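Report on the structure given below.
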Amino acid sequence: MIRAAVFFVCIYNKERSVILFWYSGLFAAILESLLSDRFRLSSEKKYGIGDEVFMPEPSKSVDAVKLDKNMALEKRVMDDLQWLSPLEAPFHIAGFAWLKQEKLYRRLPSSPAELLPPAVDILANCTAGGQIRFTTNSSRLSVRVKLTGPSNMYHMPATGQCGFDCYLGEPGSQHYLSTTRFDHSKSEYEASLFNWTIQRDVCVTLNFPLYQGVEEVLIGVDSDALIRSVPPYPSINPVVIYGTSITQGGCATRPGMAYSNILSRSIPLEFINLGFSGSGLGEIEVARTIADIPDPALLVLDYEANSGPAEKLAATLTPFIRILRERHPIVPILVLSKIQYAGERFYPDLLELHEDRKAIQKSTVERLRDEGDLHIHYADGSSLLGEDDAEECTVDGVHPTDLGFLRMARSLEPIFRELLKDKLEVE
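If you want the numbering used here, it's the 1-based position in the sequence shown plus 411.
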């Protein structure tokens, strides 16, 4: 367009046409270069954070922290806080059945009566289902955490794998407040959970990481803050859930969204999460270890997803139940079939496997009830995520998102409440 305009000038100014025409090519090239630079610079927006101004570089990967201050890590100085161990009274820790004996944040004993399967032994160090409970009037709350390793999962957020989250309110009336934000490449971090201008009494529940171990956690509060015990549960008997990666909480964005933790907020009892990722195989030695947990209020078997061929599930389910029943003759046992997977809509063999395993679980419970065990129950998990859009509640067609876990918990709550009504009568 610029070159055409120059050529027009050459014709219009006849007496100078020779000179203008002679220089028109050179002039047009220079003018086009200058104007194009100007247009390019005026069309590019400059972004600034604080005093720093920079030009986005399309060839570089996006760093949201530079573009959105809400994504940045907090860098508060917390030197004036007092740091307390939740292993000491009046803190209460739930979810670790062997904590009193071992003082370890571990879901199974470190020295069991018989050796655990290697994968289960390792996964027992993941702190899924653990909770720190206390009441405080502190205006600030922080945690100082030492993990057994950094975040390393490809389809689960580090906040769920390695983070803590914070709920306020008494058992049965808790509300989410915050989640730890930290450098995911590190295995140690400090993070603030609230920072108010005044002191006020609050009942706090902190949920442990789902897919990593915790070597140490300290609670940071005001130097003059008081720590008191929380209101007790209506029953000291815990709900124990054995199962798979889904039971463990894969792939919730934060710990409080594992279905066992969601249920613990609506049903005010201690929940012990014994989900072992890829390793809920129904082994005899695991059954015996679980049976050692004293006086459970409810035992839930949610391990179909890892059980393998239908014949293998048939071979493990009855012996597993009998071991639990020997130690706990009248405790309700709930056999829960797995949720629907996305692939079952498209792969007939996957759907057939699920239907076969579901039939085995249902028939096993019916047979045991016919034999006189009226405290064993079956629930079909196929519809826990919904009928028509179950796959929309998963990360990968298998593991639930927060929405999936919320749907699971809401579907399971009336079933659990019915089986636990004797323990909840004081509500």
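We treat Cβ as the ideally placed atom computed from N, Cα and C, and that holds for glycine.
If you're wondering where the values come from, they're calculated on a predicted model, not measured in any experiment.
Out of curiosity, what's the CA-to-CA distance linking Glu766 and Asp791?
11 angstroms
On the three-pair Cβ rule with 8 angstroms, is the region 498–513 touching the region 626–642?
yes
Leaving out five residues before and five after Ser677 in sequence, what residues of the same chain have Cβ atoms less than 8 angstroms from its Cβ?
Gly583, Ala820, Glu824
Considering only their Cβ atoms, is the gap separating Gly574 from Gly540 smaller than 8 angstroms?
no
According to DSSP, is Glu627 part of a helix, a strand, or is it coil?
strand
Could you check the C-alpha separation between Gly691 and Val697 for me, to the nearest Å?
9 angstroms
Tell me which residues share the same chain as Glu846 and place their Cβ nearer than 6 angstroms to its Cβ, disregarding the 5 neighbours each side in the sequence.
In the structure displayed, the chain extends from 412 to 838; residue 846 sits before or after that span and is not available.
Runs of 3 residues minimum, wholly inside the region 783–836: which ones carry the beta strand (DSSP E) assignment?
787–790
I want to know whether the region 511–524 touches the region 643–658 - three or more CB-CB distances under 8 angstroms.
no
In the DSSP assignment, find the unbroken alpha helix (DSSP H) run with His765 in it and report its ends.
759–781
Between the region 800–817 and the region 775–791, do three or more beta carbon pairs fall short of 8 angstroms?
no
Stretch-stretch touch, CB-based, cutoff 8 angstroms, three pairs: the region 616–633 with the region 655–662:
yes
Given this structure, state the Cα-to-Cα distance separating Gly660 from Cys804, to the nearest angstrom.
14 angstroms
Please state whether the Cβ-Cβ distance between Ser646 and Lys834 is less than 8 angstroms.
yes
For a test of the three-state rule: what should DSSP assign to Tyr670, helix, strand or coil?
helix
Just verifying my parser: in three-state terms, what is the DSSP assignment at Asp532?
helix
Taking DSSP as the reference, what is the three-state secondary structure of Val632?
strand
With a cut-off of 8 angstroms, do at least 3 Cβ pairs link the region 694–713 to the region 734–751?
yes
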